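Position one of the sequence shown corresponds to residue 1 (UniProt numbering), numbered consecutively onward.
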Amino acid sequence: MKKKLEEELHLLPGVMMKRYRLLSVLSALVLIVIPLTTGHAQEHFAKLGSTLSCGHPLQRALKDFCDSLHGDLTLQIFPNGQLGTAQHILEGLQFGYIEMAVLPLESLSQEAALLDILGLPYLFKDATHRAQVLNGPLGKRFLDALETLNLVGLGFLDTYPRFYVTKQESLESQTSFQDRQVVLVCPLPEQECRQRVHDERPVQFFELMGAQSRAIPLEKVRETLESDPPDLIEYLPFTGMEAVFEGSEFNTLILTAHRRPPAVLLAGKRWFESLPSELKEKIFRASNTLVRQHVQLMQDALRHTHTTLRTQGMNIAEPPNEGIFEAVQMLYATHAHEFGPDFKQFWRAIQNIK
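See below:
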């Protein structure tokens with residue numbers, strides 16, 4: 001026992017020396033690593049969720065958006081509801097566990113009533129007028145309304161242009177809607193559509209036009225056409241509705257100024273405000289580029305979709321709709337008070353933008 005103790009005491013100085021040397025080396029490494037890492041911009045990570053399908057043409061524009069931020073922000077896209085429904089994604093943005101998203105306006109308008117105005121048909125004369133409004137100062141006022149929801153609105157995106165599909169008939173004037181059955185399509189799951197009141201104003205609008213209207217979720221379109229077919233039904237490209245119309249009596253697609261809610265590019269306010277100022281500015285610039293560039297991409301995709309519909313036997317009609325647009329503006333002027341307290345002010349501001 002005595003001998004063993006003497007051996008351990010003899011080894012102790014060597015062990016202590018080795019530990020001292022190890023600590024010295026580690027300290028030196030820390031001193032080396034800190035100067036190497038300090039001074040380099042920290043790369044941030046974020047998830048971008050959407051309910052858009054993987055094949056939606058906007059996905060290409062979102063990829064370019066991500067690439068433009070590479071080096072400062074690593075952004076991973078989760079399409080097709082991989083992060084949940086629109087409502088789940090919205091809550092994730094508000095509570096900070098999802099950083100960015102592209103959401104349909106329908107999922108926001110109940111929370112921010114001002115945005116509900118953009119859900120009304122025939123607000124914009126054409127696509128050019130629409131872009132001038134949504135991408136200008138007035139559009140920013142709509143986006144700023146999202147701050148009350150703990151969101152940062154980065155821009156409007158045209159994800160689902162809406163037209164009518166009917167049975168070999170055209171729309172020449174306001175009277176074309178008289179006594180017609182019109183079905184509006186909600187691009188959200190059935191449960192979320194039931195929870196939302198976003199279609200109250202559009203339904204009210206078509207009733208003022210003399211039509212009988214109702215809203216259905218996207219997943220109920222085929223069933224509706226088979227069991228209770230309307231005279232007119234909204235068509236949402238890039239949702240698979242082309243297959244629903246193939247072989248049906250609904251064989252005329254009418255392109256009009258009827259363009260309903262855009263989608264919104266969003267960031268969670270809590271997350272966004274935690275970013276460095278330089279990165280915030282870079283995200284704003286990249287968002288503006290995305291808003292500008294996605295328009296041509298969507299137009300190209302629409303032309304391709306129209307070609308596909310023609311091969312299925314669909315007629316593509318683009319009637320002169322100036323008469324309808326002007327008639328609708330008169331209707332809005334007469335019934336402005338029925339569309340909410342803010343409608344008249346913003347409707348006039350929209351019409352004053354040329």
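Even glycine gets a Cβ: it sits at the ideal position worked out from N, Cα and C.
Treat the numbers as computed from the prediction; the structure is a model and nothing was measured.
Inset, instruction - For my contact list, A112 and L290 are in at a C-beta cut-off of 8 angstroms; report their separation, rounded to the angstrom. - result: Actually they are not in contact, since the Cβ atoms of A112 and L290 sit about 21 angstroms apart, beyond 8 angstroms.
Inset, instruction - From the DSSP output, in three-state form, read off E338 for me. - result: helix
Inset, instruction - Rounded to whole angstroms, what's the CA-CA distance from L331 to D179? Just pull it up for me. - result: 17 angstroms
Inset, instruction - Can you give me the start and stop residues for the alpha helix (DSSP H) that E281 sits inside? - result: 277-311
Inset, instruction - Output yes or no for whether 8 angstroms exceeds the beta carbon distance between G323 and S173. - result: yes
Legend entry - Neighbour-count burial assignment, L31, 16 or more Cβ in a 10 Å radius: Because L31 carries a pLDDT of 34, less than 50, the predicted location of this residue cannot be relied on, and the following value inherits that uncertainty. L31 should be labelled exposed.
Legend entry - DSSP three-state assignment for K47, whether helix, strand or coil: strand
Inset, instruction - Can you give me the start and stop residues for the beta strand (DSSP E) that L62 sits inside? - result: Run containing L62: none in the beta strand (DSSP E); it sits in the alpha helix (DSSP H), 58-68.
Legend entry - Burial state of R194, where buried means 16 or more other Cβ atoms lie within 10 Å: exposed
Legend entry - A215 classed as buried or exposed, judged by whether at least 16 other C-beta atoms fall within 10 angstroms: buried
Inset, instruction - Would you mind giving the Cβ-Cβ distance between Y160 and L232, rounded to the nearest angstrom? I have them listed as a contact below 8 angstroms. - result: Not really, about 17 angstroms apart at Cβ, beyond 8 angstroms.
Legend entry - Simplified DSSP assignment, three categories, for N352: helix
Inset, instruction - With DSSP collapsed to three states, give me the class of C54. - result: coil
Legend entry - Pick from A286, N315, H337, K354 that is closest to D64, judged by C-alpha positions: A286
Legend entry - L103 beta carbon less than 8 angstroms from that of S109: no
Inset, instruction - For Y122, count neighbouring Cβ atoms within 10 angstroms of its own Cβ and tell me buried if that reaches 16, exposed if not. - result: buried
Inset, instruction - Pick helix, strand or coil for I316, following the three-state DSSP scheme. - result: strand
Legend entry - Pair within 8 angstroms by beta-carbon distance, F78 and K47: yes
Inset, instruction - Would you give the residue range spanned by the alpha helix (DSSP H) that F142 belongs to? - result: 137-144
Inset, instruction - Check M241 in the structure and name its three-state DSSP category. - result: helix
Inset, instruction - Run through the region 87-162 for me and flag every whole alpha helix (DSSP H) of 4 or more residues, listed as ranges in chain order. - result: 106-109, 127-134, 137-144
Inset, instruction - Just the C-alpha distance for V292 and L134, rounded to the nearest angstrom, thanks. - result: Note on identity: in this sequence residue 292 is Arg, with Val being the wrong assignment. Roughly 11 angstroms between the two C-alpha positions.
Inset, instruction - Report the three-state DSSP secondary structure of T37 (helix, strand or coil). - result: Residue confidence for T37 is low, a pLDDT of 35 falling below 50, so the modelled location carries little weight; the figure read from the coordinates is stated next. Three-state DSSP puts T37 in a helix.
Inset, instruction - Inspect the CB distances between the region 76-95 and the region 185-192 and report whether three or more fall short of 8 angstroms. - result: yes
Legend entry - In DSSP terms, what V221 is bridged to: The partner list for V221 (beta bridge, DSSP) is empty, contrary to what the question assumes.
Inset, instruction - Could you give the DSSP three-state label for E234: helix, strand or coil? - result: strand
Inset, instruction - For S213, write down the residues that DSSP places opposite it in a beta bridge. - result: V182
Inset, instruction - Have a look at A301 and F343 and give me their C-alpha separation to the nearest angstrom. - result: 33 angstroms
Legend entry - Local Cβ density within 10 Å of P262, reported as buried at 16 or more and exposed below that: buried
Legend entry - Reduced DSSP category for G323 - H, G, I as helix; E, B as strand; rest coil: helix
Legend entry - Cβ neighbours of Q44 in the same chain (closer than 6 angstroms, five flanking residues each side left out): Sequence inspection shows His at residue 44; the Gln mentioned does not correspond to that position. Excluding positions up to five away in sequence, the list reads L73.
Inset, instruction - Could you check what DSSP says for T252 in three-state terms: helix, strand or coil? - result: strand
Legend entry - C-beta contact flag for L120 and L105 at 8 angstroms: no
Legend entry - Contact under 8 angstroms by Cβ, L218 with L236: yes
Legend entry - Whole-angstrom distance between L138 and L348, CA atom to CA atom: The residue asked about is misnamed: residue 348 is Arg in this sequence, not Leu. Going from the Cα of R348 to the Cα of L138 covers about 11 angstroms.
Inset, instruction - Check Q76 in the structure and name its three-state DSSP category. - result: strand
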